[in-house]
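Going by our numbering, 26 is the number at position 17 of the sequence shown; the sequence numbering is gapless.
Note that the Cβ used here is the ideal one computed from N, Cα and C, for glycine as well.
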Amino acid sequence: MLIQHFQMMARYNTLANRKLYEACSQLTDEERKRIRPAFFKSIHGTLNHIMVGDRIWMGRFEGKQMPSTNLDAILYEEFDELQQVRVIEDERIEAWMSGLNEDFLSKTISYVNNQGNQHTDPVNLLLAHFFNHQTHHRGQIHDLLSQTEIPPPSLDMHRILRP
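1) Which term fits Met106, buried or exposed, when burial requires 16 or more other beta carbons within 10 angstroms of its beta carbon?
2) In the DSSP output, what is Pro131 paired with across the bridge?
3) Quick check on the DSSP output: what are the complete alpha helix (DSSP H) runs of length 4 or more inside the region 28-77, in order along the chain?
4) What separation, rounded to the nearest whole angstrom, lies between the Cα atoms of Thr144 and Glu86?
5) Do you know offhand how far Leu153's Cα is from His53's?
6) Can you list, in chain order, the residues of its chain whose CB lies under 7 Å from that of Ala25, leaving out five sequence neighbours each side?
7) Between which two residues does the alpha helix (DSSP H) harbouring Arg101 extend?
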């Protein structure tokens, strides 16, 4: 049951990102990069942060040592390139989640957080965090979009996943 839940979350993640990026694509580059009252300073900065987080956690899920550094890094200055790699990353996430199994869910992952502290947490908790992190920051971008001329899209899971 938990496997299907995480697979559903991966699908939701892909579709929510598509809707969000579609709205953001209607902004000028200046508007996307405008400094606003937000933790990652701008829509563009927050979109990049989600990518940073996704890559850190996916690396950890794949067994790599991935420290939580440079959480505010701008991986892609150009929105078009960021949007293209978002699509690829979402495909990667969905493909990886499609192979999820009970054995992996029963494991723990050890990692170093952004304060340099070592932690060991159960995989099911980390997978839940992974998807919650994405949703949390999409919500911030939703708020930042409401400060522009572009109406923020509905990102409600039941609306996006409705058959």
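Answer, in terms of the structure:
1) Here residue 106 refers to the residue found at position 97 of the sequence shown. Buried, because 16 or more other Cβ atoms sit within 10 Å of the Cβ of Met106.
2) Position 122 of the sequence shown, counting from 1, holds the residue named residue 131. Beta-bridge pairing links Pro131 to Thr117.
3) Entirely contained in the region 28-77, the alpha helix (DSSP H) runs reaching 4 residues are, in chain order, 38-42, 52-70.
4) Locating residue 144 in the sequence shown gives position 135, where the first residue counts as 1. Locating residue 86 in the sequence shown gives position 77, where the first residue counts as 1. Roughly 22 Å separates the two Cα atoms.
5) For the purposes of this step, residue 153 is identified with residue 144 of the sequence shown, where counting begins at 1. For the purposes of this step, residue 53 is identified with residue 44 of the sequence shown, where counting begins at 1. For Leu153 and His53, the distance between alpha carbons rounds to 10 Å.
6) Taking the sequence shown and counting its residues from 1, the one referred to as residue 25 is at position 16. Counting only Cβ-Cβ distances below 7 Å, and skipping sequence neighbours, we find Arg147, Leu164, Ile169.
7) As a first step, residue 101 is located in the sequence shown; it is residue number 92 there, counting from the start. If you look at Arg101, you'll find it in the alpha helix (DSSP H) that goes 88-107.
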